[in-house]
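K.L.:
Attaching a single structure in structure tokens format; questions to follow.
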Amino acid sequence: FYEFPDIRREIQAETDREAGGNKGVSDRQIRLKIYSPNVLNITLVDLPGITKVPVGDQPTDIEARIRTMILSYIKHKTCIILAVSPANADLANSDALQMARQADPDGSRTIGVITKLDIMDRGTDARNFLLGNVIPLRLGYVGVVNRSQQDINSDVSVKQALAREESFFRSHPAYNGLAKHCGIPQLAKKLNQILVQHIRTILPGLKARISSQLTAIAKEHAFYGDPVESKAGQGAKLLNILAKYCDAFSSMVEGKNEDISTIELSGGARIHYIFQSIFVKSLEGVDPCEDVTDEDIRMAIQNATGPRSALFVPEVPFEVLVRRQISRLLDPSLQCADFIYEELVKMSHRCLCNELQQFPILRRSMDEVIGKFLRDGLKPAQDMIAHIIEMEADYINTSHPSFIGGSKAVEQAQQQVRAARLPATVVRRVCICFQVLDK
């Protein structure tokens, strides 16, 4: 496009395609690149003005949406904010300055632009605004006179508008001596100076960052090595990666890995802690006499004797009660298996050899395969634990040295009787009773 009317029509057509033709708003950008020897090499973003009352197809929260859109641009620390305010309105009520202060509290990157200086009421001027006496800004203010809608309809060129603007400021007594604060050319000059200064400020740091990134990329490129194209070479590479992964996993289990954590237990040490601390404490927390009352024992004995009165204590109720208590060891044991499984999964994720970092897809595939392998092993382990508990419950080892049977009960009773210094006849009767019970 070479003519401004054609450009204007294309912008309007693109706006209608994106936001509709009834005052709709969209956050999608319309990118317009201008090629001319008379313009600055700079990027400008023309943001919409704030709409207070919805019209046309605009949503009810149009004001909030536009504010969010504006803030998404002006919040960046590297952008310069042009806070455009009309001269025929109170500057203290300017939405542009209010939002600029929200994104730039110290005013270090905000330029105030005062428009419509040519239509102010007679007897008033914007001199105090331009001098920063009302609301100070570090970068100051610039007054401009734009083309009116009538000028646009009459095809007044930009060159003619600039000449008219210059004549207005030169002839107006209030703006004498404010040449650097007035006119679109002065605004362009100020923006160019700020851009050059900004480039000078960030250039050393930018060069350092680029150099650092180039060094890092060169190291990464060298780390990847030469490409492997043949099938045989790819297979050998894969086997080498798998072997190193297995070695790294084994080292983590045995505590021989180089990256030993000083913050938390991991690997084999964590597994040892689960067995020796968590699991042991869980077993010690199981009280074998819990939930077994004298009434339970008495009732079990009575049920075991059937319709007859018992002369001696039967073994059946003892075994029933013991099996019930042994079954309480199942939950802590299964919980221990779950803890070990979770730690193995964490180890598989942390175990990352350098060569494997080059192939993220292979890494994900290995995670899936190893995770499935561990999950497949968890169920048999849980079944084995349940079988061991069942085996212990099926056979009560009364020959264990720690088991107090009839003989040990007689021995303990004799010791207690002797300690009490009872008559010998009483001691003999007690021993005979225990011996009969033991038989």
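Residue numbers (UniProt numbering): 1 to 439.
C-beta: ideal position from N, C-alpha, C; glycine also.
Drop a sphere of 10 angstroms on the beta-carbon of residue 58, count the other beta-carbons inside from all chains shown, and report buried for 16 or more, exposed for fewer.
P.N.:
Buried.
K.L.:
Taking only three categories from DSSP, how would you classify residue 250?
P.N.:
DSSP places residue 250 in helix when its eight states are reduced to three.
K.L.:
By DSSP's criteria, residue 83 is part of a beta bridge. Which residues make up the other side?
P.N.:
Paired residue(s): 112.
K.L.:
Relative to the C-alpha of residue 2, which candidate in 174, 268, 33 and 25 has its C-alpha closest?
P.N.:
Minimum Cα distance to residue 2 is reached at 33.
K.L.:
Suppose the cutoff is 7 Å on Cβ atoms and the five residues either side in sequence are ignored; what does the same chain contact list for residue 40 look like?
P.N.:
Cβ within range, chain order: 188, 191 and 192.
K.L.:
How big is the Cα-Cα spacing for residue 106 and residue 197?
P.N.:
Whole-angstrom Cα-Cα distance: 19 Å.
K.L.:
Starting from residue 395 and walking both ways along the alpha helix (DSSP H), at which residues does that stretch end?
P.N.:
It is not in any alpha helix (DSSP H) - residue 395 carries neither H nor E in the DSSP assignment.
K.L.:
Hey, would you say residue 96 sits closer than 8 Å to residue 115, going by beta carbons?
P.N.:
Cβ atoms of residue 96 and residue 115: not closer than 8 Å.
K.L.:
To the nearest angstrom, how far is it from the Cα of residue 147 to the Cα of residue 204?
P.N.:
Cα-Cα distance, rounded: 41 Å.
K.L.:
If you check the beta carbons only, do residue 351 and residue 243 fall under 8 Å apart?
P.N.:
No, the pair does not count as a contact, with Cβ atoms beyond the cut-off.
K.L.:
Sorted by chain position, which residues of the same chain lie with C-beta nearer than 8 Å to residue 168's C-beta, five sequence neighbours on each side aside?
P.N.:
Same-chain partners within the cutoff: 117, 118 and 145.
K.L.:
In this structure, how does DSSP classify residue 2 when only helix, strand and coil are distinguished?
P.N.:
Reduced to three states, the DSSP call for residue 2 is coil.
K.L.:
Flag this pair as yes or no: are the beta carbons of residue 140 and residue 181 separated by less than 8 Å?
P.N.:
Result yes, Cβ atoms of residue 140 and residue 181 sit closer than 8 Å.
K.L.:
Express the C-alpha separation of residue 79 and residue 113 in angstroms, rounding to a whole number.
P.N.:
For residue 113 and residue 79, the distance between alpha carbons rounds to 16 Å.
K.L.:
Measure the alpha-carbon distance for residue 431 versus residue 317 and round it to whole angstroms.
P.N.:
Residue placement at residue 431 is flagged as unreliable, the pLDDT there being 48, under the threshold of 50; the coordinate-derived value follows with that caveat. Rounded to whole angstroms, residue 431 to residue 317 spans 24 Å at the Cα level.
K.L.:
Thinking C-alpha only, which one of 326, 281, 388 and 270 is nearest residue 345?
P.N.:
Ranking 326, 281, 388 and 270 by Cα distance to residue 345 puts 270 first.
K.L.:
Please state whether the Cβ-Cβ distance between residue 389 and residue 336 is less than 8 Å.
P.N.:
Contact flag unset, no.
K.L.:
Which residue marks the beginning of the beta strand (DSSP E) containing residue 141, and which one marks its end?
P.N.:
Note, residue 141: beta strand (DSSP E), 141-143.
K.L.:
What does DSSP give as the partner residue(s) for residue 351 in the beta ladder?
P.N.:
Bridge partners of residue 351: none, in fact.
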